[in-house]
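Residue numbers (the working numbering): 29 to 320.
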């Protein structure tokens with residue numbers, strides 16, 4: 029991995045940040061006036077695939093030539109993932125997951141997956157796609173071999189993101205509680221039973237990065253203006269990193285923690301050893317961050 033890629037929701041470009049020199053490169057999608065709403069990215073070989081929650085298309089960019097293709101599906105998309113020759117996209121206006129056949133260039137499945145699917149995660153051990161549906165307060169398990177929902181797990185209010193811990197049965201969920209007076213929780217669920225194993229009170233958690241080496245999770249607290257550090261051995265919050273803004277996407281590489289500030293068009297590069305911060309100007313309404 030050499031670079032970070034950041035979704036800018038109100039700019040029609042992806043921010044590419046080189047991890048060696050922190051140089052910012054803009055990868056433009058279109059020169060039209062309409063905002064695409066870049067909201068999700070996945071990678072396959074030398075191509076980037078992009079979901080847009082204000083566009084009826086998803087996009088393909090060749091990393092070597094910067095050539096752009098658009099694929100019309102007729103729905104707004106919040107996220108996408110690639111499995112073999114198929115692209116799985118969650119659609120916020122139709123509340124479904126659709127499967128696009130890249131070989132035959134057509135939609136081949138449409139699967140209902142709760143109200144306002146926000147994000148998705150693949151687990152190859154269980155052969156499932158985990159879809160986080162914010163307004164249904166649930167995560168939906170979809171078997172990608174048969175393209176059908178096999179399980180729904182109830183969560184706390186307005187979940188934003190969910191991830192499996194390695195290939196275990198445990199699922200981590202950021203339950204933001206947006207629109208509620210309660211601050212929100214970082215919760216752990218059992219895939220087999222659907223039961224809540226543990227909940228830790230935070231402040232509108234929206235995204236996470238699991239650091240397997242240190243056995244900890246870094247969690248963005250959007251309205252808390254901080255990143256919480258969760259110790260996975262003790263299952264408690266052991267520290268906070270204040271970032272002077274509303275943190276969203278989060279990523280860790282070595283000793284550096286990268287945090288997107290959604291309200292300030294900034295990427296924070298935080299040295300976990302020295303606690304020094306560096307800021308990098310990025311696009312408008314930045315959200316998710318990926319390493320590739």
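For glycine and all other residues, C-beta sits at the position ideal for the given N, C-alpha and C.
Just so it is clear, the structure is predicted and the values come from calculations on it, not from any experiment.
Terminal residues of the beta strand (DSSP E) in which residue i lies
i           : result
residue 209 : Premise fails: residue 209 is in no beta strand (DSSP E) and is neither H nor E.
residue 129 : 124–129
residue 260 : Taken as a continuous stretch (DSSP letters only), residue 260 belongs to no beta strand (DSSP E), as it is neither H nor E.
residue 320 : Looking at the DSSP string, residue 320 is not in any beta strand (DSSP E), and its letter there is neither H nor E.
Contact belief for residue i with residue j at Cβ below 8 Å, rounded distance in angstroms
i           : j           : result
residue 97  : residue 87  : 7 Å
residue 229 : residue 211 : 6 Å
residue 109 : residue 89  : Going by Cβ atoms, the distance from residue 109 to residue 89 rounds to 17 Å, so no, they are not a contact pair.
residue 167 : residue 183 : 6 Å
residue 37  : residue 67  : 6 Å
residue 260 : residue 245 : 6 Å
residue 278 : residue 235 : 5 Å
residue 126 : residue 144 : About 15 Å separates the two Cβ atoms, so there is no contact after all.
residue 173 : residue 155 : 5 Å
residue 316 : residue 35  : 5 Å
residue 282 : residue 293 : Rounded, the Cβ-Cβ distance is 25 Å, inconsistent with contact.
Distance, residue j Cα to residue i Cα
i           : j           : result
residue 49  : residue 242 : 25 Å
residue 189 : residue 111 : 20 Å
residue 204 : residue 233 : 5 Å
residue 225 : residue 191 : 15 Å
residue 140 : residue 304 : 45 Å
residue 81  : residue 132 : 24 Å
residue 220 : residue 197 : 7 Å
residue 104 : residue 113 : 21 Å
residue 55  : residue 41  : 5 Å
residue 222 : residue 149 : 17 Å
residue 231 : residue 100 : 38 Å
residue 289 : residue 274 : 5 Å
residue 31  : residue 280 : 12 Å
residue 162 : residue 146 : 6 Å
residue 71  : residue 92  : 13 Å
residue 44  : residue 52  : 6 Å
residue 123 : residue 142 : 6 Å
DSSP bridge partner residues for residue i (one or two, in chain order)
i           : result
residue 215 : 201, 227
residue 114 : 111, 129
residue 283 : Residue 283 pairs with nothing; no bridge assigned.
residue 53  : 44
residue 158 : 149, 169
residue 121 : BP columns for residue 121 are empty, so no partner.
residue 244 : 239, 259
residue 180 : 168
residue 85  : 100
residue 302 : Answer by DSSP bridge pairing: none, since residue 302 is not bridged.
residue 273 : Answer is none; residue 273 lacks a bridge partner.
residue 278 : 287
residue 78  : 69, 87
Three-state secondary structure assigned by DSSP to residue i
i           : result
residue 190 : strand
residue 62  : coil
residue 163 : helix
residue 307 : strand
residue 253 : coil
residue 168 : strand
residue 235 : strand
residue 267 : strand
residue 134 : strand
residue 141 : coil
residue 94  : coil
residue 324 : Nothing about residue 324 can be read from this structure; the chain reaches only from 29 to 320.
residue 38  : coil
residue 222 : coil
residue 73  : coil
residue 291 : coil
residue 196 : coil
residue 185 : coil
Closer than 7 Å: residue i CB and nearest the ligand ZN heavy atom
i           : result
residue 219 : Judged by which ligands are present, the structure shown has none, so any question about the ligand ZN falls away.
Chain B within 8 Å of residue i, Cβ atoms only
i          : result
residue 96 : Given the protein chain composition of this structure (a single chain), no chain B is represented.
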